[in-house]
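Below is one structure; the comments refer to it alone.
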Amino acid sequence: MIMDPERLPARSRPRIGLVLGAGGVLGGAWMAGALPALQECLPCAVNDVDVIVGTSAGSVLAAALRCRISVGELIAHQRGEAAGVLRSAAADEIGGRAFPPPPHLRVGSPRLMLSAVLAPHRVHPLVGASAWLPRGRAQHTALRDMVHVLHGQAHSGAHGPAAAPLTMAGPGPDGPDWVDGQTWIVAVDYDSGRRVIFGRPGAPRARLPEAVVASCSIPGWFEPAVIGGRRYVDGGVRSPTSLGVLARSGLDEVYVLAPMASTSPGRAARPHEQVERKLRRLIALALLREAQLLRSAGIRVTLVTPGPEDLAAMGLNLMDPRRRLAVMETSLRTSAAALASIGPARSQVA
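Okay, so the sequence shown: first residue is 1322 according to our numbering, each after it adds one.
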């Protein structure tokens, strides 16, 4: 049984973090399918974990969860059965098309490109490479509108008095702020190349819809998001999860859903699939190194990644909305089995 954390005595449950990684439309569907099983592992509602870190597709789920959207509502949204505020935000429209529109005929970030050439030790290699991509043309209009409506609903308490809205840090120039130190949205400053974690104390100020759009602005595909005069792109350019930022968080447990990694990808017959599996293994190795940083700090880490059945459902294009429902339905089953296989004394990798 899951109890309301507000009814539990102080310090009666561990401090829990949730990391929701990058992964495009299909990565978001896979994570949505994993949430019901994850909920069963938690001593509180998944909406109420102490810290959520969201990157790209994970930032959309992070925002929805903090805006009091239930796991069941997220599943219904993926199935096209959503009610209420999610009914007008079709899942296929949020992620856009399977392929990008023709980009602008100029490089994405000349300043970052120059920094990567003159001081390569100061710029992450993948971030530096993203500067050379042409400037994207697509815009996240539907996504911005959806998060705006969700945030407004949460602030008004539209889900009822039992579901408290995001903690507000006081009114800003554009209305109530969402920053509470518990919801971290990862993006990359497209001119300096530095990782920015909106919502974390000391981060640049941003409204929740702006932060999510910034985190989802894939270089070469979408226009960079402009916040406070700075340009931002997808946080997955720097890291698919940014798990390592929680190493000094003081949390007791962290659960990670990482749709771009795979600790057990299985065998692939076709050459292009073999390359994709190798990339997933490399991402998984980097993620395991980050997990070790947390474990060295005494934080228990549970890592869940797609397995062979999930990868077969996903295919190679993580932005293909035609596969979204199949990916989510597969994850409902495979993620439940993966989490069920993890006992308290066993390896925390599924």
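Ideal Cβ positions, reconstructed from N, Cα and C, are used throughout, including at glycine.
Within the same chain, Arg1644 come within 7 Å of glycine 1636 by CB-CB distance, once the 5 residues on both sides are set aside. Beyond the five residues adjoining it in sequence on each side, arginine 1552 comes within less than 8 Å, by CB distance, of Ser1430, Asp1510, Tyr1511, Asp1512, Pro1545 and Ala1546 in the same chain, given in chain order. For aspartate 1371, the three-state secondary structure derived from DSSP is coil. Within the DSSP secondary-structure output, tyrosine 1553 pairs in a beta bridge with Asp1510 and Ala1546. With a threshold of 16 other beta carbon atoms within 10 Å, phenylalanine 1543 meets it and is buried.
If you look at glycine 1338, you'll find it isn't in any alpha helix (DSSP H); it sits in the beta strand (DSSP E) that goes 1337-1341. According to DSSP, threonine 1462 shares a beta bridge with no other residue. In the structure shown, proline 1592 adopts helical secondary structure according to DSSP, grouped into three states. Going by DSSP, isoleucine 1396 is part of the alpha helix (DSSP H) stretching over 1392-1399. Looking at the DSSP output, phenylalanine 1519 bridges to Ile1506.
Look at valine 1622 here: in three-state DSSP terms it is strand. Uninterrupted alpha helix (DSSP H) stretches at least 4 residues long and entirely within the region 1634-1666 occur at 1645-1661, given in chain order.
Beta-bridge analysis with DSSP links proline 1455 to Val1428. Membership of glutamate 1531 in the alpha helix (DSSP H) is indicated by the continuous run 1529-1536.
As a beta-bridge residue in DSSP terms, leucine 1578 pairs with Leu1341 and Val1625. Residue burial annotation: glutamine 1399 is buried, with at least 16 other C-beta atoms found within 10 angstroms of its C-beta. Here the region 1584-1597 makes no contact with the region 1529-1540; the two share fewer than three CB pairs at distances below 8 Å. Note that the C-beta distance between leucine 1341 and leucine 1382 is below 8 Å.
In this structure, the straight-line span from the alpha carbon of arginine 1621 to that of valine 1575 is close to 6 Å.
Take the alpha-carbon of histidine 1425 and the one of aspartate 1573: they are about 46 Å apart. As DSSP reads the structure, valine 1670 sits in a beta bridge with Leu1624.
Beyond the five residues adjoining it in sequence on each side, threonine 1655 comes within less than 6 Å, by CB distance, of Gly1628, Glu1630 and Asp1631 in the same chain, given in chain order. In this chain, the alpha helix (DSSP H) harbouring valine 1381 covers 1378-1387.
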